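Chemist:
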Amino acid sequence: MPADRLLTTVLRAYQGVPDPAQTDRILGTTTSLLTTLTNPLNISLLTSHLLTAPAIWNNPDGLRICLRIISVFNTAAITVHKNEVESHNEHPPYDAYQPRKGGGIVSDDWARAVIKGADDRSPRWQHLLVIAGVLLGMENGGRHGLSSGLRSTLERALVTAANLALENPMRDGILAAESIVLALNHAFPLLSDGVRAGLNYDTLVMIMVRSVTALEGYQDGIFLQHIDADLKQVPGDKFDWSPKSSSFLQLQKQASSPILSSMGPLARLIAHAIENMSNSLLAIEIREHLLSFSGRLLEGWKRNKLSEIDLSEEEAFLTPETLQITAPVLWQVLKSAMFATVVILQGLMTRTVLDPILSTRRLAPIGASETLIILGNIHFISSRLGSNSFSAHVFRASQSHIPHASWRNSKQPFAAQS
């Protein structure tokens, strides 16, 4: 189908009702169109309509959609840059009278056309997803697809959009707040130090901390109660936590959530924000939030039947499926929660030592006491992992990874249903 006709079809599909079976095809075809349209105005139009599409945004799994939007523009940017490089490297050289690969739009012009589509019809937090995707696709992984001037412009645009979205982060709901965190977490390594300094860390830091413990994060440890309800005693005096149980399936989904799956970089970003925020007293609120979270995590563990089984007794009291399949996933999530907590605490302690207000005789002892309580609350995790569990090397996470959106997996481009 010609690109212009396919554009019309996709724009019509954007206005439909959400259908998970069609979402993949719509986004896949959108990615394809972004790389094959020859008119920058159509790229802007496509971007603008994508950001307001009911078929995409009226979706119960909102944050995963947000990650996929980043992925769409990341993948499209990689392809546009690749096509441009290959055209320049062709032997014989590119012939102006022959069609170029893809849409034939150079990377800078393509990026400008995309960003132009992030207009007043959509909120600022959605603009963040687009800018982050373009930056990642053009500049991540050693690529240098943009001119230095345009890259700097996009970096500043990302921070400006973030700060404007942070002026009233809850106006558009929890999804907007978590999307700000998601986009910044992935794009932050690409920002220069000067641009980073422009972020409103005071507003951002608590939104990030809450995202760690909320629904898309560790859910305040509520999953431990759900697991306990699914633990069944079976013949042989063993406990079984089935891989088919609702609590395990939910835990698997939780572990792969956009926030939890990139917790390493996020924890380090929070620590960086703590060290650079203007209002040092926010450190008290952050520490009390960690105190509350770690306390609920410990309480949930104490009420879970697994807590009654010593590590040395697990083979005797747990079924093979529990021992080999379900329990390891639980401990991986708990280990991630422990390391995230420790990295954030490290940022808090660094700020406390250097800050003239937090290090006063009145506040410093309180901070030290609460820090010890937090570490005590997560001791049930660290004690299981051994003496080296707090090594800084254990919690290294790869650079922000955005999966490529692929339209090649579809047997045919999206077509509107009759």
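If you count the sequence shown from 1, position 330 lands on 330 in full-length UniProt numbering, and the numbers rise without skipping. The beta carbon of each residue, even a glycine, is placed where N, CA and C say it ideally should be. Since the model is a prediction, treat every value here as computed from it, not as a measurement.
1) Given 8 Å as the limit, is there contact between the stretch 121 to 135 and the stretch 158 to 174, that is, 3 or more CB pairs closer than that?
2) With DSSP collapsed to three states, give me the class of L63.
3) Give a yes or no on whether the C-beta atoms belonging to A113 and I43 are separated by under 8 Å.
4) Do you know offhand how far T8's Cα is from N39's?
5) Can at least three beta-carbon pairs, one atom from the stretch 138 to 156 and one from the stretch 56 to 73, be found at a separation below 8 Å?
6) Using a threshold of 8 Å, state whether the C-beta atoms of L50 and T29 are closer than that.
7) Per DSSP, which residues does D310 bridge with? Please list them.
8) Taking just the CA atoms, how far does S280 sit from V130?
9) Would you mind giving the Cβ-Cβ distance between M349 and T371, rounded to the nearest angstrom? I have them listed as a contact below 8 Å.
10) Is V343 helix, strand or coil by DSSP?
11) To the nearest angstrom, how far is it from the Cα of A397 to the Cα of S262?
12) What does the alpha-carbon distance come out to for the pair W301 and K253?
13) Can the beta-carbon of I274 be found closer than 8 Å to that of V212?
14) By DSSP, does V114 sit in helix, in strand, or in coil?
15) Pull up the distance between the alpha-carbon of L290 and that of A283, whole angstroms please.
16) Check the DSSP bridge columns for L318 and list the partner residues they point to.
17) Output the distance between the C-alpha atoms of P2 and W110, rounded to the nearest integer angstrom.
18) Where A368 and V353 are concerned, what is the direct C-alpha to C-alpha distance, given to the nearest angstrom?
19) Give every residue of the same chain whose Cβ lies closer than 6 Å to the Cβ of L249, excluding the five residues on either side of it in the sequence, and list them in chain order.
20) Would you check if the distance between the CB atom of I227 and the CB atom of L330 is smaller than 8 Å?
21) Compute the Euclidean distance between the alpha carbons of A76 and L37, then round it to the nearest angstrom.
22) Taking its Cβ as the centre, do 16 or more other Cβ atoms sit within 10 Å of D240, making it buried, or is it exposed?
23) Residue ranges of each beta strand (DSSP E) run of no fewer than 3 residues wholly in the stretch 210 to 260, ordered along the chain?
24) Is N74 helix, strand or coil when you go by DSSP?
25) Rounded to a whole number of angstroms, what is the C-alpha to C-alpha distance between G145 and G376?
26) For H203, which residues from the same chain have a beta carbon less than 6 Å from its beta carbon, with the 5 sequence-adjacent residues on both sides left out?
27) Tell whether a beta-carbon distance below 8 Å holds between I207 and A183.
28) Contact defined as beta carbons within less than 8 Å: I believe E155 pairs with L199. What is the distance between those atoms, to the nearest angstrom?
29) Cutting at 7 Å between CB atoms, please list the residues of its own chain near R268, excluding the five before and the five after it.
30) State the Cα-Cα distance for the pair L63 and S122, rounded to the nearest angstrom.
31) Contact check, L150 vs D108 under 8 Å by CB: the rounded distance?
32) For D61, which option in S87, P18 and T79 has the closest C-alpha, if you only look at C-alpha atoms?
33) Give me the Cα-Cα distance between I180 and Y218, rounded to the nearest whole angstrom.
34) List the endpoints of the continuous alpha helix (DSSP H) containing G173.
35) For L33 and L46, I'd like the C-alpha separation in whole angstroms.
36) When you compare the CB positions of L385 and L306, do they come within less than 8 Å of one another, or not?
Modeler: The short version:
1) yes
2) Looking at L63 - three-state DSSP - the assignment turns out to be helix.
3) yes
4) So the alpha carbons of these two residues sit roughly 14 Å apart.
5) Output reads no: the stretch 56 to 73 does not touch the stretch 138 to 156.
6) no
7) Its beta-bridge partners do not exist; DSSP assigns none.
8) 32 Å
9) 7 Å
10) DSSP, read as helix, strand or coil, puts V343 in helix.
11) Low confidence applies here, because A397 scores a pLDDT of 40, under 50, leaving its location unreliable; read the following figure in that light. One C-alpha to the other measures close to 8 Å.
12) 20 Å
13) no
14) helix
15) Rounded to the nearest angstrom, the two C-alpha atoms are 11 Å apart.
16) Answer is F239.
17) 20 Å
18) 11 Å
19) none
20) yes
21) 11 Å
22) buried
23) Listed in chain order, they are 232 to 234 and 238 to 240.
24) Here N74 sits in helix by DSSP.
25) 48 Å
26) Residue identity differs from the one stated: residue 203 is Thr in this sequence, not His. Result list for T203: L166, in chain order.
27) no
28) The C-beta separation of E155 from L199 comes to about 11 Å, leaving the pair out of contact by the 8 Å criterion.
29) V343
30) CA-to-CA, the gap between L63 and S122 works out to about 16 Å.
31) The Cβ separation is near 5 Å, so the contact holds.
32) Of S87, P18 and T79, the smallest CA-CA separation from D61 is found for P18.
33) 18 Å
34) DSSP places G173 in no alpha helix (DSSP H); its state is neither H nor E.
35) 8 Å
36) no
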